[in-house]
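Take my numbering: the last position of the sequence shown gets the number 677, and nothing is skipped along the way. Built from N, CA and C at the ideal position, the CB exists for glycine as well. Everything numeric in this text was worked out from a predicted model, so none of it was measured.
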Amino acid sequence: MKISKPLRNVILFELFFPITLLTLGIYHGLMQTIYRSGLVHSAAEAHLDYYQGLTLHGVINAIVLTTFFAVAFGHAIMAYYLKKEPDIRFARISLIFMVVGTLMAAYAMLSGKASVLYTFYPPLRADPTFYLGAVFLIVGSWIAFWGWIILYRTWRKEHKTDKIPMAVLGNIANFTVWQICTLSVAVEVLVFILPWSMGWTNTINVALCRTLFWFFGHALVYFWLLPSYIMFYTFLPKLAGGKLYSGNAGRFSFMLFIILSIPVGVHHQFGEPGITSGTKLFQTILTFGITLPSFITAFTMAATLEYAGRKRGSKGLFGWMAKLPYLDTKNYMFGYLICGLILFIFGGLTGMVNASYSLNSMVHNTSWVPGHFHMTVAGPVYLAIIGMTLYLTSKLSGKPVRFPNLNIMVPYLWCIGILIFSYGLMSGGLLGEPRRTNLGLTYLNPASSQYRPDWIPSTAFALIGGIIMTLSALCYFITFFGTVFSKRKEEPILEFPDSELLHNEPTIGILNRFAPWVIMMIIVLLLAYIPAIMNISQYIGPGAQPFSPNNPVPMTF
Ligand code: HAS
Numbered sequence: 121m122k123i124s125k126p127l128r129n130v131i132l133f134e135l136f137f138p139i140t141l142l143t144l145g146i147y148h149g150l151m152q153t154i155y156r157s158g159l160v161h162s163a164a165e166a167h168l169d170y171y172q173g174l175t176l177h178g179v180i181n182a183i184v185l186t187t188f189f190a191v192a193f194g195h196a197i198m199a200y201y202l203k204k205e206p207d208i209r210f211a212r213i214s215l216i217f218m219v220v221g222t223l224m225a226a227y228a229m230l231s232g233k234a235s236v237l238y239t240f241y242p243p244l245r246a247d248p249t250f251y252l253g254a255v256f257l258i259v260g261s262w263i264a265f266w267g268w269i270i271l272y273r274t275w276r277k278e279h280k281t282d283k284i285p286m287a288v289l290g291n292i293a294n295f296t297v298w299q300i301c302t303l304s305v306a307v308e309v310l311v312f313i314l315p316w317s318m319g320w321t322n323t324i325n326v327a328l329c330r331t332l333f334w335f336f337g338h339a340l341v342y343f344w345l346l347p348s349y350i351m352f353y354t355f356l357p358k359l360a361g362g363k364l365y366s367g368n369a370g371r372f373s374f375m376l377f378i379i380l381s382i383p384v385g386v387h388h389q390f391g392e393p394g395i396t397s398g399t400k401l402f403q404t405i406l407t408f409g410i411t412l413p414s415f416i417t418a419f420t421m422a423a424t425l426e427y428a429g430r431k432r433g434s435k436g437l438f439g440w441m442a443k444l445p446y447l448d449t450k451n452y453m454f455g456y457l458i459c460g461l462i463l464f465i466f467g468g469l470t471g472m473v474n475a476s477y478s479l480n481s482m483v484h485n486t487s488w489v490p491g492h493f494h495m496t497v498a499g500p501v502y503l504a505i506i507g508m509t510l511y512l513t514s515k516l517s518g519k520p521v522r523f524p525n526l527n528i529m530v531p532y533l534w535c536i537g538i539l540i541f542s543y544g545l546m547s548g549g550l551l552g553e554p555r556r557t558n559l560g561l562t563y564l565n566p567a568s569s570q571y572r573p574d575w576i577p578s579t580a581f582a583l584i585g586g587i588i589m590t591l592s593a594l595c596y597f598i599t600f601f602g603t604v605f606s607k608r609k610e611e612p613i614l615e616f617p618d619s620e621l622l623h624n625e626p627t628i629g630i631l632n633r634f635a636p637w638v639i640m641m642i643i644v645l646l647l648a649y650i651p652a653i654m655n656i657s658q659y660i661g662p663g664a665q666p667f668s669p670n671n672p673v674p675m676t677f
């Protein structure tokens, strides 16, 4: 379909801007593996402090890239499937907020005033511009969502009994969760952190802030994931050469994410002394619940891919795996999505280890955890984002993808890199290797009394993986910027590889309405969070003064 120039420009900018910043995010990822492998024994080899680099890495890759993409992709989906464009005023105001917020946070991080990592746990204190920047970015994404709600309601009035298009359902489910979970981080920032960061209050309740953060923080990971799930359910079957095995399974998965994405945040706080073990056990059970939509997706995708493989002439039980179009340069999105799916098998299984209350105490705060999350957020999420960014950029600007042979290698190199990298991190984690630590200063510095030579192999694996990932990213940047700066050759259009259903499926009423799922979400949320907040208020410790990551003495204003 044709798309108006103003909306096209908004989407193209929302794709281009974060990919440009990603060059910095990827660079600091490589520097992490270098610091951690003990190749350098300083805190600022990259001319930026270690925690400054780690903050840039996490914030750009996990917050800025994902939020901009979710909004850009959301605009494209809503326009394409509802056959009407969102109000351009909402799209523009949202973009302005997001760009201003990102620039504020970037200023704070680059000037060394916000080395607090993407979780910004107090008592680490950043400059107020960092927190305000985060608020602007989030509010910007809300504004885009409000525009879509108006569009969706208009569509609903005109199509009272129609099935909600699956991609639209996934997108609204995702932003509904986002709208609710971000309220807690807004309270954390506006009520507690900002006054403390500005020096208006002397101390802060760290346990309460962490709890408010994780109310948002785990739902955040599904906010990252759901655009990939939209692509798996709506595009992958066609890209594979088949049909979607079950559309209602996909709809049910998205609705389950509405209920369960937020109430599981305390599983990041199993080590939190102020929360009782009963509350934590309940959150373990809920966390196993949130694996259900992913298991449904795993089986639906396996059946879908098997059907596609058999249609392509495969034989035997597993022959379909060999028949899929892995290296078709024209169908490159298949490679980006299948590599993400393969990585997510391991990302999901390691998540279930984390979720098990007792096993968590083995792995918490060790390098096992980044091993897990690089196979999730840097797996299906990152690959779907960069693949779709290239796809949409090419379609919306009418510029065919440059260097197709380089492009097709990107997801496979990345997948191999991540598997080696995460193996290194996880095996090291099981030996006690800490996360968020410049190991080169101490544990991997032979001159240090804390030297741990048994961590050399695991960090070497992580370094090798990191180098392969960086090579993949370089191939991507060459392809992406090569495409962006090439000449227009075709008419710009908005088009998706839309899949058909394998079976003729009935419309199930409850899967065609959001309200019952939002009500169930609120009930489960209250059950999960009232005890957690009560625990925190009962076992409240003394307030904390502000700290910087490099100094054990409180900061002075
Ligand atoms: Fe997680 C920590 C538990 C999913 C991201 N997670 C993190 C952190 C991040 C993160 C960033 O319970 C660190 C936060 C920090 O900085 O402290 N996580 C889970 C569980 C899941 C899970 C149970 N996480 C994700 C996703 C993420 C993400 C998704 C990003 C997008 N995670 C935890 C816990 C912690 C944690 C604890 C705290 C750890 C600690 O102590 O600090 C589940 O949602 C996973 C369910 C997934 C599955 C897999 C389904 C598989 C599929 C692929 C099928 C493949 C096919 C292909 C069909 C059940 C869908 C076949 C084809 C062929 C050709 C072979």
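In angstroms with no decimal places, state the Cα-to-Cα distance between SER547 and ILE540.
Going from the Cα of SER547 to the Cα of ILE540 covers about 11 Å.
Hey, PHE368 and LEU631 are a contact pair by Cβ (cut 8 Å); roughly how many whole angstroms apart?
A small correction: the amino acid at residue 368 is Asn; Phe does not occupy that position in the sequence shown. Between LEU631 and ASN368 the Cβ distance is about 6 Å, and since that is below 8 Å, they are a contact.
Flag this pair as touching only if the stretch 584–604 and the stretch 563–571 have three or more C-beta atom pairs under 8 Å; answer yes or no.
With the cut-off at 8 Å, the stretch 584–604 and the stretch 563–571 do not touch.
What's the gap between the Cα of TYR170 and the Cα of SER235?
Spanning the two alpha carbons is a distance of roughly 9 Å.
Could you tell me whether the Cβ atoms of LEU215 and GLU134 are closer together than 8 Å?
In contact: LEU215 and GLU134 (Cβ atoms closer than 8 Å).
Measuring only from the beta carbon, is ASN480 closer than 7 Å to any heavy atom that is part of the ligand HAS?
Yes.
DSSP state of SER668, grouped into three classes?
Looking at SER668 - three-state DSSP - the assignment turns out to be strand.
Nearest to LEU237 by alpha carbon, out of VAL179, LEU185, GLY602 and ALA225?
Answer by Cα proximity: VAL179.
Per DSSP, which one or two residues make a beta bridge with ILE540?
For ILE540, which the question treats as bridged, DSSP gives no partner whatsoever.
Can you give me the start and stop residues for the alpha helix (DSSP H) that SER348 sits inside?
First-last of the alpha helix (DSSP H) with SER348: 326–354.
Mind checking whether the beta-carbon of THR414 lies closer than 7 Å to any heavy atom of the ligand HAS?
Correcting the residue type first, residue 414 is Ser in the shown sequence and not Thr. True, at least one ligand heavy atom lies under 7 Å from that Cβ.
Could you please give the first and the last residue of the uninterrupted alpha helix (DSSP H) stretch that includes ASN368?
Per DSSP, ASN368 belongs to the alpha helix (DSSP H) from 367–380.
Should ASP282 go down as buried or exposed, given a rule of 16 or more other Cβ atoms within 10 Å for buried?
ASP282 comes out exposed.
Do MET453 and PRO617 have their beta-carbon atoms positioned less than 8 Å apart in this structure?
Yes, these two residues count as a Cβ contact at 8 Å.
Compare the Cα-Cα distances from GLY337 to each of ALA306, CYS459 and LEU364 and report the closest residue.
Minimum Cα distance to GLY337 is reached at ALA306.
Buried or exposed, going by whether 16 or more other CB atoms sit within 10 Å of the CB of GLY290?
The residue is buried, with at least 16 neighbouring Cβ atoms inside 10 Å.
Give the C-beta separation of LEU202 and TRP275 to the nearest angstrom, bearing in mind that I take them to be a contact with Cβ-Cβ under 8 Å.
Going by Cβ atoms, the distance from LEU202 to TRP275 rounds to 5 Å, so yes, they are a contact pair.
For MET675, which of LEU645, CYS595 and GLY319 has the nearest alpha-carbon?
Comparing Cα-Cα distances from MET675 to each of LEU645, CYS595 and GLY319, the minimum goes to GLY319.
Spatial neighbours of LEU614 within its chain, please: CB distance less than 7 Å, with the 5 preceding and 5 following residues excluded, ordered by chain position.
Cβ within range, chain order: MET121, ILE123, ALA196, ALA199, TYR200, LYS515 and LEU516.
I need the DSSP call for THR84, collapsed to helix, strand or coil.
It is not possible to answer for residue 84, since the shown part of the chain is limited to 121 through 677.
Nearest chain C C-beta to THR274 closer than 8 Å, yes or no?
Absent here is chain C; the protein component of the structure consists of one chain.
Could you give the DSSP three-state label for THR683: helix, strand or coil?
Here the chain covers residues 121 to 677 and nothing more, so residue 683 does not appear.
Just mark PRO500 as buried or exposed, buried being the case when its beta carbon has 16 or more other beta carbons within 10 Å.
PRO500 is buried by the Cβ-count criterion.
Comparing C-alpha positions only, which one of LEU303, PHE419, ALA293 and PHE390 sits nearest to TRP344?
Answer by Cα proximity: ALA293.
How many angstroms separate the CA atom of LEU176 from the CA atom of PRO672?
So the two alpha carbons sit approximately 22 Å from each other.
Quick one: grab the DSSP three-state call for LEU622.
Correct three-state label for LEU622: coil.
Are the stretch 151–166 and the stretch 575–584 touching, with three or more C-beta to C-beta distances below 8 Å?
Yes, since at least three Cβ pairs between the stretch 151–166 and the stretch 575–584 fall closer than 8 Å, the two stretches touch.
So the alpha helix (DSSP H) GLU134 belongs to, where does it begin and stop?
Start and end: 125–156.
Taking the alpha carbon of ALA504 as the point to measure from, which residue in VAL483, LEU364 and TYR532 has its own alpha carbon closest?
Answer by Cα proximity: TYR532.
Pick helix, strand or coil for PRO577, following the three-state DSSP scheme.
DSSP places PRO577 in helix when its eight states are reduced to three.
Cβ-heavy atom distance between PHE374 and the ligand HAS below 7 Å?
No - the ligand HAS has no heavy atom lying nearer than 7 Å to the Cβ of PHE374.
How would you write the range of the alpha helix (DSSP H) that GLY436 sits in, first residue to last?
Per DSSP, GLY436 belongs to no alpha helix (DSSP H) and is neither H nor E.
Can you give me the C-alpha to C-alpha distance between LEU168 and MET229, rounded to a whole angstrom?
The alpha-carbon atoms of LEU168 and MET229 are separated by roughly 10 Å.
Between the Cα of THR449 and those of CYS329, THR599 and PHE438, spot the shortest distance and give me the residue it belongs to.
Looking at the Cα atoms, THR599 is the closest of the given residues.
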